[in-house]
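**Student:** Taken in order, these protein sequences are the chains called A and D. Sequence positions in the first sequence follow my numbering and run 1 to 109. Sequence positions in the second sequence follow my numbering and run 1001 to 1282. Glycine included, every Cβ here is placed at the ideal spot set by N, Cα and C. Submitted below is the structure of interest, expressed as structure tokens.
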Amino acid sequence: MGLRSASICICIATAMAIGPSGLAHAHDPILSCFENSNGSVTCEAGYSDGASASGQLIRVMLANKRLVLEDKFARNSAFTFKRPAGDFIVEFIGDAAHRATFDSEDLGK
Amino acid sequence: MALRISKFAFALGMAGGLFLSASNSFAHFQMLFPGESLRMANSGAMDLTAIFTHVFNGGPSMQMGQPRALYLLKQRGDEGKPEKVDLLKRLEKFDWLGDGKESVTAWKVPMAASELRSLGDYVFVLEPEPFLEASEDKYIQQFTKTVVNVGGMPGNWEKVVGLPAEIRPLNKPYANWTGGVFRGVVLSQGKPAPFAEVEVEFVNRKPDLAARAWSGDAQFKPAHPALGAMSIRADAQGNIAIGLPKAGWWGIAALDVGPTKKFKGKKLSQDAVLWVQVSDPK
């Protein structure tokens, strides 16, 4: 499976981090992308406890790290964009402690 | 009687002059089999298969009538409500050959990769036509749930569907380590069913859907008949807790917990079935 667990920033410090609400958050960021029939790509993000990624950052970069776009996930925690030519990488940046990446070679069809 | 022992099994045991061995202790299980419950966006197409059989022994299997309902409830994350997708009109009938010595009607729904690539939980629900178990002179109707997850994002795995007989999971049915414990609540019309009779079985032979038959030998043989179909009781609040000693698929069936007790003039057992997949740490 193309689970990009290695690219997910998980550490004990993350699990023990105290969020703004004062509650401990022990969730992992999740990012997954698939290709649509019209050639666009949809990426979905969120957290392993079901929390939303709405309003959080998405970056699309080419394999050479050149930035293609930077935007925010929509209310439904999804974002659709035109597929770049060639291989690319998507980043979901929740905050400094919650990041996940997705490689275009793992795109769902 | 806790175990529904077929005439065949009984005759076999008696003919041999033996008590029923573990391999002859049968419990009916309505399979609703997706292949794998843990999927990713690129996992591809899937056949959802419904077979009514005895999973520990790999048969005998029973004829299935046209199901009354088959649908999917899917949800990504903890926001929003589950989306319902009716699958009934997409059912395809096929002959399940079991161990090669039987041929019974079973059903499947081919699902495209594009239907199963979005993150979240996919709760498949089957409401079968009651089956006449002639050896017991009664009908059995097993309301069955199987939960598939894509990408690790949870959704509606724990939500009550609202079936007449239902097991509400308290653990994700798709995320269980070998050696773990699965918990759930047996419900009758949405309310806990105290001291409900529950059977637990391991799918001891793997279904080969391309061959429409079981593949390979039984993965293990229990040391005693009581270890084939495990029979337990829910507690006073309908709670169950089940150890999971082996990776693979486990079926949990709460017997006769639904409200309707008669069908076509005979006794009806409305059971609740939930499927749990267990993974080895790697």
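Can you pull the DSSP bridge partners for Val-90(A)?
**Tutor:** The residue labelled residue 90(A) in the question sits at position 90 within the first sequence. Val-60(A) and Phe-102(A).
**Student:** Mind listing the chain A neighbours of Ala-1113(D)? Cutoff is C-beta to C-beta under 8 Å, in chain order.
**Tutor:** Here residue 1113(D) corresponds to residue number 113 of the second sequence, with the count starting at 1. Ordered by position in chain A, the residues that pass the 8 Å Cβ test against Ala-1113(D) are Gly-108 and Lys-109.
**Student:** Name the residues in the segment 1041 to 1065 of chain D whose C-beta lies less than 9 Å from a C-beta of chain A; which are they?
**Tutor:** Going along the segment 1041 to 1065 of chain D in chain order, one finds Ala-1041, Asn-1042, Ser-1043 and Gly-1044 with a Cβ nearer than 9 Å to chain A.
**Student:** Listed from N- to C-terminal order along the chain, which residues in the segment 47 to 62 of chain A have their beta-carbon within a distance smaller than 9 Å of any beta-carbon of chain D?
**Tutor:** So the list reads Tyr-47, Ser-48, Asp-49, Gly-50, Ala-51, Ser-52, Ala-53 and Ser-54, given in the order they occur along the chain.
**Student:** Going by the beta-carbon positions, is the gap between Lys-109(A) and Ser-40(A) smaller than 8 Å?
**Tutor:** As a working note, residue 109(A) is residue 109 in the first sequence. As a working note, residue 40(A) is residue 40 in the first sequence. Not a contact, by the Cβ cut-off of 8 Å.
**Student:** Assuming Asn-1057(D) and Asn-1204(D) form a contact by the criterion Cβ under 8 Å, report the distance between their Cβ atoms to the nearest whole angstrom.
**Tutor:** Taking the first residue of the second sequence as 1, we reach residue 1057(D) at position 57. Taking the first residue of the second sequence as 1, we reach residue 1204(D) at position 204. Correct: roughly 7 Å between the Cβ atoms.
**Student:** Which bits of chain D does Phe-34(A) rub up against, with CB to CB less than 7 Å?
**Tutor:** Sequence index remark: in the first sequence, residue 34(A) carries index 34 (1-based). Within chain D, the residues near Phe-34(A) are Ala-1041 and Arg-1117.
**Student:** If we cut at 8 Å on Cβ distances, does Ser-77(A) have a partner in chain D?
**Tutor:** Locating residue 77(A) in the first sequence gives position 77, counting from the first residue. Closer than 8 Å: yes.
**Student:** Along the chain, where does the beta strand (DSSP E) containing Asn-36(A) start, and where does it finish?
**Tutor:** Taking the first residue of the first sequence as position 1, residue 36(A) is located at position 36. That residue, Asn-36(A), is in no beta strand (DSSP E); it is neither H nor E in DSSP.
**Student:** Give the DSSP bridge partners of Val-1125(D), in chain order.
**Tutor:** On the second sequence, position 125 is the one that residue 1125(D) refers to. Note: Val-1125(D) sits in a beta bridge opposite Tyr-1071(D) and Lys-1145(D).
**Student:** To the nearest whole angstrom, what separates the beta carbons of Val-1186(D) and Ile-1240(D), a pair I think is in contact under 8 Å?
**Tutor:** Counted from its first residue, the second sequence places residue 1186(D) at position 186. Counted from its first residue, the second sequence places residue 1240(D) at position 240. Indeed, because the Cβ distance is near 6 Å, the residues count as touching under 8 Å.
**Student:** Can you tell me whether Leu-1048(D) is helix, strand or coil according to DSSP?
**Tutor:** As a position in the second sequence, residue 1048(D) is number 48, starting the count at 1. Leu-1048(D): strand per DSSP, three-state reduction.
**Student:** Determine, for Ser-1023(D), whether the minimum Cβ-Cβ distance to residues of chain A falls below 8 Å.
**Tutor:** The residue you call residue 1023(D) lines up with position 23 of the second sequence. Residue placement at Ser-1023(D) is poorly supported in this model, since its pLDDT is 38, which falls under 50; the coordinates still yield a value, given next. Not an interface residue.
**Student:** Which residues of the segment 1079 to 1111 of chain D have a Cβ closer than 9 Å to any Cβ of chain A? Give them in chain order.
**Tutor:** Going along the segment 1079 to 1111 of chain D in chain order, one finds Glu-1079 and Gly-1080 with a Cβ nearer than 9 Å to chain A.
**Student:** So, helix, strand or coil for Ala-96(A), using DSSP?
**Tutor:** The residue labelled residue 96(A) in the question sits at position 96 within the first sequence. If DSSP states are grouped into helix, strand and coil, Ala-96(A) belongs with coil.
**Student:** Mind checking if Glu-44(A) is an interface residue toward chain D, Cβ cutoff 8 Å exclusive?
**Tutor:** Translated into positions along the first sequence, residue 44(A) becomes position 44. It does; some Cβ of chain D falls within 8 Å.
**Student:** Can you tell me whether DSSP reads Leu-1255(D) as helix, strand or coil?
**Tutor:** By 1-based counting over the second sequence, the position of residue 1255(D) is 255. Note: Leu-1255(D) maps to coil in three-state DSSP.
**Student:** Is the CB-CB distance between Ala-45(A) and Gln-56(A) below 8 Å?
**Tutor:** Position 45 of the first sequence, counting from 1, holds the residue named residue 45(A). Position 56 of the first sequence, counting from 1, holds the residue named residue 56(A). Taking 8 Å as the Cβ cut-off, Ala-45(A) and Gln-56(A) qualify as a contacting pair.
**Student:** From Gln-1142(D) to Ser-48(A), what distance separates their C-alpha atoms?
**Tutor:** Counted from its first residue, the second sequence places residue 1142(D) at position 142. Counted from its first residue, the first sequence places residue 48(A) at position 48. Cα to Cα, Gln-1142(D) sits roughly 32 Å from Ser-48(A).
**Student:** Output yes if chain D places a C-beta closer than 8 Å to the C-beta of Ile-30(A); else output no.
**Tutor:** By 1-based counting over the first sequence, the position of residue 30(A) is 30. Ile-30(A) counts as touching chain D.
**Student:** Can you tell me where the beta strand (DSSP E) holding Lys-1266(D) begins and where it ends?
**Tutor:** Position 266 of the second sequence, counted from the start, is the residue given in the question as residue 1266(D). Its beta strand (DSSP E) spans residues 1266 to 1278.
**Student:** Can you tell me the Cα-Cα spacing of Gln-1063(D) and Gly-1184(D), whole angstroms?
**Tutor:** Taking the second sequence and counting its residues from 1, one reaches residue 1063(D) at position 63. Taking the second sequence and counting its residues from 1, one reaches residue 1184(D) at position 184. Spanning the two alpha carbons is a distance of roughly 29 Å.
**Student:** For Asn-1149(D), tell me which candidate among Arg-1117(D), Gln-1066(D) and Arg-1233(D) has the shortest Cα-Cα distance.
**Tutor:** Your numbering for residue 1149(D) matches position 149 in the second sequence. Checking every option, the nearest Cα to that of Asn-1149(D) belongs to Arg-1117(D).
**Student:** If you measure from the beta carbon of Pro-1281(D) to each beta carbon in chain A, is any gap under 8 Å?
**Tutor:** The residue you call residue 1281(D) lines up with position 281 of the second sequence. Answer no: the Cβ-Cβ gap between Pro-1281(D) and chain A never drops below 8 Å.
**Student:** Taking only beta carbons into account, state which residues of the segment 1152 to 1168 of chain D come closer than 9 Å to chain A, listed in chain order.
**Tutor:** The segment 1152 to 1168 of chain D vs chain A, Cβ under 9 Å: Gly-1152, Met-1153, Pro-1154 and Gly-1155.
**Student:** Hey, could you find the ends of the beta strand (DSSP E) Lys-1206(D) is sitting in?
**Tutor:** Reading the second sequence from its first residue, position 206 is the one you call residue 1206(D). Element bounds for Lys-1206(D): 1206 to 1208.
**Student:** Taking CB distances under 8 Å as the criterion, tell me whether Gly-1248(D) reaches chain A.
**Tutor:** Residue mapping note: residue 1248(D) aligns to position 248 of the second sequence, counting from 1. Chain A, which has no Cβ nearer than 8 Å to the Cβ of Gly-1248(D), makes this no.
**Student:** With 16 other CB atoms within 10 Å as the buried threshold, where does Gln-1030(D) fall?
**Tutor:** Your numbering for residue 1030(D) matches position 30 in the second sequence. Buried.
**Student:** Under a CB-based cut-off of 8 Å, is Arg-1183(D) close to chain B?
**Tutor:** No chain B is part of this structure, whose protein chains are labelled A and D.
**Student:** Does Ser-37(A) pass the burial test, meaning 16 or more other C-beta atoms within 10 Å, or should it be called exposed?
**Tutor:** If you number the first sequence from 1, residue 37(A) lands on position 37. Exposed is the call here.
**Student:** For Arg-1076(D), return the contacting residues in chain A, with the cut-off set at a CB-CB distance below 9 Å.
**Tutor:** The residue labelled residue 1076(D) in the question sits at position 76 within the second sequence. The contacting residues are Glu-44, Gly-46, Gly-50, Asn-76, Ser-77 and Ala-78.
**Student:** CB-CB under 7 Å to Asp-71(A), same chain, minus the five flanking residues each way: which ones, in chain order?
**Tutor:** Taking the first residue of the first sequence as position 1, residue 71(A) is located at position 71. Once the five neighbours on either side are set aside, the close Cβ partners of Asp-71(A) are Ile-58 and Phe-79.
**Student:** State the CB to CB distance for the pair Ala-1333(D) and Ile-1167(D), rounded to an integer number of angstroms; the pair is presumed to be in contact (CB under 8 Å).
**Tutor:** There is no way to answer for residue 1333(D), as the model of chain D reaches only from 1001 to 1282.
**Student:** Can you tell which of Leu-1088(D), Asp-1235(D) and Gly-1258(D) has the C-alpha that lies nearest to the C-alpha of Ser-1188(D)?
**Tutor:** Numbered from 1 along the second sequence, position 188 holds the residue referred to as residue 1188(D). Nearest option by C-alpha distance: Gly-1258(D).
**Student:** Rounding to the nearest angstrom, what Cα-Cα distance links Lys-1246(D) and Gln-1075(D) in this structure?
**Tutor:** Along the second sequence, one-based indexing puts residue 1246(D) at 246. Along the second sequence, one-based indexing puts residue 1075(D) at 75. Using only the alpha carbons, I get a separation of about 29 Å.
**Student:** Between the alpha carbons of Gly-1190(D) and Pro-1164(D), how many angstroms are there, rounded?
**Tutor:** Your numbering for residue 1190(D) matches position 190 in the second sequence. Your numbering for residue 1164(D) matches position 164 in the second sequence. Rounded to whole angstroms, Gly-1190(D) to Pro-1164(D) spans 7 Å at the Cα level.
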